[in-house]
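Student:
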Amino acid sequence: MAFILVPMATTIKQVDPAESEFLASLESRAKQPNPFLRTMANRPEALKNFIPFYSALVGPGSVDRRTKSIVYLATSYANQCAFCIAANLPGGRKAGLTEDQIHTLENWGEDGFNPAELAAIRYARELTRTASARVSREEMFQHYTHEQIVEITLVIAMANFTNRFNNGLEILPQA
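The opening position of the sequence shown corresponds to residue 1324 in my numbering, with each subsequent residue numbered one higher.
(1) Give me, in chain order, the residues of the same chain whose beta-carbon lies closer than 8 Å to that of Tyr1467; leave out the 5 immediate sequence neighbours on both sides.
(2) Assign Pro1356 to one of three DSSP states: helix, strand, or coil.
(3) For Ile1475, report the span of its beta strand (DSSP E) as first-last.
(4) Taking Tyr1395 and Asn1372 to be in contact with their CB atoms under 8 Å, please state how far apart those CB atoms are, rounded to whole angstroms.
(5) State yes or no: is the C-beta of Ala1401 within less than 8 Å of the C-beta of Arg1452?
(6) Could you tell me which of Pro1340, Ser1392, Glu1461, Phe1484 sits nearest to Gln1424, measuring between CA atoms?
(7) How many angstroms separate the CA atom of Gln1337 from the CA atom of Ile1494?
(8) Leaving out five residues on either side along the sequence, give the residues of the same chain with a beta carbon under 8 Å from the beta carbon of Glu1470.
(9) Would you mind reading off the limits of the beta strand (DSSP E) that contains Ser1494?
(10) Taking the C-alpha atoms as reference points, what is the distance between Ala1409 and Ser1399?
(11) In angstroms, rounded to a whole number, what distance separates the CA positions of Gly1491 and Pro1358?
(12) What are the boundary residues of the alpha helix (DSSP H) that includes Lys1417?
(13) Taking the CB atoms as reference points, tell me whether Leu1346 and Leu1360 lie closer together than 8 Å.
(14) Quick one, which of Tyr1377, Lys1354, Trp1431 has its alpha-carbon nearest Val1478's?
Laid out in C-alpha cells, this is it:
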C-alpha cells in the first residue's frame, strides 16, 4: 500500500531518504515511501526516538496483538484518521479481525466482540473523545490487569498522537 502527502496551501516538506540515512534504512525495510516518516524526519531526533517508542507500545507485551489492533483502529476511526486506518487495517486483519468487525469499529458498533474487547473499545472511544475514561476504566478492571490497562492506555495514546500528527498535517493514504 502506497501513501502520499496531499498538498495543502502550505505543504510540509517531506524529507528525501537520500538526505537521511536513518529514514532510508526505515524505508528500505518497508519497501515503500512513507509520508508519515518522511514528514517526521523534519525533526530527525524525534523520528529516531519515535520508532523504538512506538515499537515498545504496539509490539509484543502483556496485551495480545488483536486487542492492540482493535483499540488502535477504534481510536483512529473516532478521530477519522484515514492514514492510520489504512496503515493499521492489514495488521488488524492479520491479528484476526474480520471484515464485519472492522465495519463495526468504523460505525461505532459493538457487535461481534467478546466482553474484554468491548471494554477496550469503549475505553478507547471514551478516552479519545473526552481525555478521561473514568466509567469505562472501571469496566476494564473486570477483564485486564493493571499492567494490561496501562499498556492499552499507551496504545490508545499513541494512536491519538499519530492520528493528530497525520490529520494536522493532512497526511492521507493514496487511493
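Every residue, glycine too, gets a C-beta built ideally from N, C-alpha and C. Predicted model only: the values in this text are computed from it and were never measured.
Tutor: Well, looking at it:
(1) On the sequence shown, residue 1467 is found 144 positions in, with the first residue counted as 1. Around Tyr1467: Val1386, Ala1439, Ala1442, Ala1443, Ile1475.
(2) For the purposes of this step, residue 1356 is taken as residue 33 along the sequence shown, with counting starting at 1. Looking at Pro1356 - three-state DSSP - the assignment turns out to be coil, as it is neither helix nor strand.
(3) Locating residue 1475 in the sequence shown gives position 152, where the first residue counts as 1. Run containing Ile1475: none in the beta strand (DSSP E); it sits in the alpha helix (DSSP H), 1469 to 1491.
(4) Along the sequence shown, read from residue 1 onward, the residue named residue 1395 stands at position 72. Along the sequence shown, read from residue 1 onward, the residue named residue 1372 stands at position 49. Actually they do not touch by this definition, with Cβ atoms about 20 Å apart.
(5) Indexing the sequence shown from 1 puts residue 1401 at position 78. Indexing the sequence shown from 1 puts residue 1452 at position 129. Yes, the Cβ-Cβ distance between Ala1401 and Arg1452 is below 8 Å.
(6) Taking the first residue of the sequence shown as position 1, residue 1424 is located at position 101. Of Pro1340, Ser1392, Glu1461, Phe1484, the residue nearest in Cα terms is Ser1392.
(7) As a working note, residue 1337 is residue 14 in the sequence shown. As a working note, residue 1494 is residue 171 in the sequence shown. Whole-angstrom Cα-Cα distance: 11 Å.
(8) In the sequence shown, counting from the first residue as 1, residue 1470 sits at position 147. For Glu1470, where only same-chain residues beyond five positions count, the Cβ hits under 8 Å are Ser1385.
(9) In the sequence shown, residue 1494 corresponds to position 171, counting from 1. Position check: residue 1494 holds Ile in this sequence, whereas Ser was assumed. It spans 1494 to 1496 - the beta strand (DSSP E) in which Ile1494 sits, taken as one unbroken run.
(10) In the sequence shown, residue 1409 corresponds to position 86, counting from 1. In the sequence shown, residue 1399 corresponds to position 76, counting from 1. Answer to the nearest angstrom: the Cα atoms are 10 Å apart.
(11) Counted from its first residue, the sequence shown places residue 1491 at position 168. Counted from its first residue, the sequence shown places residue 1358 at position 35. Each residue's alpha carbon lies about 13 Å from the other.
(12) Position 94 of the sequence shown, counting from 1, holds the residue named residue 1417. Counting along the chain, the alpha helix (DSSP H) containing Lys1417 begins and ends at 1405 to 1417.
(13) In the sequence shown, the residue the question calls residue 1346 occupies position 23. In the sequence shown, the residue the question calls residue 1360 occupies position 37. Against a cut-off of 8 Å, the Cβ pair of Leu1360 and Leu1346 comes out as a contact.
(14) Translated into the one-based positions of the sequence shown, residue 1478 becomes position 155. The shortest Cα separation from Val1478 among Tyr1377, Lys1354, Trp1431 belongs to Tyr1377.
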